[in-house]
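Enquirer: I'd like to ask you about the structure that follows.
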Amino acid sequence: MEKDRRSLILDCAKELFATRGYHSTGISDIIEKAQVARGTFYLYFDSKRAVFDVLLESAFETILSSVKPVIVGPTPDRNNILKQLRINLGRALAPLFADRHLARIVVSQAETLDEVAAARMEAFYAALRHYLEESLQEGQEKHVIRQLNTKIVATAAVGMIKGIVWTHATGSESFDYHEVVEEIVEWAAMGIVTR
């Protein structure tokens, strides 16, 4: 029961933060939407910011933990590499495409909330860029990634994905999740992975 109430508070807060914005949402709004007592809210969270931080950290953890190293093996197989890329990308994007409210919080609310949240977002993006850059470098060493500036390509890839998630989250364009994954993998196949 405890976990249910905590989850309910998080879900209601997530929806309110995404639709109204962090600053326009009060604890009383969250309590009203969740239909819990104020004391129940404070049993789980000491502030509205604590709720926001849990939502953000949970999203980051889910995304970063879903990405696994691409295993090249002794004889590189282009199709196998693209398959692993497809799986990784699908896992990383799934939580954001499955939950538009979460996507909106990650790509819009968190970056503009305050310096602490902006720094947290930048650390998240930096971790993604670093992971991609290392993966590209390893791929170059094994001759499955063409010679390129790994820092620029990693930064471009994160920016492209961020833009797609932003567009999805704001509802300005509706993308099919599977098509997004396929197009990004195709982009990688055409421009990054050796033939």
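Okay, so the sequence shown: first residue is 565 according to my numbering, each after it adds one. We put the beta carbon where it would ideally sit given N, CA and C, even for glycine. These numbers were taken from a predicted model, which means no experiment stands behind them.
Could you pull the start and end residues of the alpha helix (DSSP H) that V680 belongs to?
Expert: As a working note, residue 680 is residue 116 in the sequence shown. Counting along the chain, the alpha helix (DSSP H) containing V680 begins and ends at E679 to E705.
Enquirer: So, helix, strand or coil for I573, using DSSP?
Expert: One-based indexing of the sequence shown puts residue 573 at position 9. I573: helix per DSSP, three-state reduction.
Enquirer: Where do the N-terminal and C-terminal ends of the alpha helix (DSSP H) with R613 fall, by residue?
Expert: Position 49 of the sequence shown holds residue 613. First-last of the alpha helix (DSSP H) with R613: K612 to S630.
Enquirer: Tell me the residue span of the alpha helix (DSSP H) that contains Y657.
Expert: Start at 1 with the first residue of the sequence shown, and residue 657 comes out as number 93. One detail in the question is off: residue 657 reads as Leu in this sequence, not Tyr. R642 to A662 is the span of the alpha helix (DSSP H), which, as asked, contains L657.
Enquirer: Out of curiosity, what's the CA-to-CA distance linking M685 and L620?
Expert: Here residue 685 refers to the residue found at position 121 when the sequence shown is read from its first residue. Here residue 620 refers to the residue found at position 56 when the sequence shown is read from its first residue. If I take the Cα positions, the gap works out to 9 Å.
Enquirer: Where does I591 sit, in a helix, a strand or coil, going by DSSP?
Expert: Start at 1 with the first residue of the sequence shown, and residue 591 comes out as number 27. Three-state DSSP puts I591 in a helix.
Enquirer: Check this for me: beta carbons of R642 and V745, under 8 Å apart or not?
Expert: Sequence index remark: in the sequence shown, residue 642 carries index 78 (1-based). Sequence index remark: in the sequence shown, residue 745 carries index 181 (1-based). No; because the gap between Cβ atoms is not below 8 Å, this pair is not in contact.
Enquirer: Within the continuous alpha helix (DSSP H) that includes G727, where are the two ends?
Expert: Working through the sequence shown from its first residue, we reach residue 727 at position 163. Element bounds for G727: T714 to T734.
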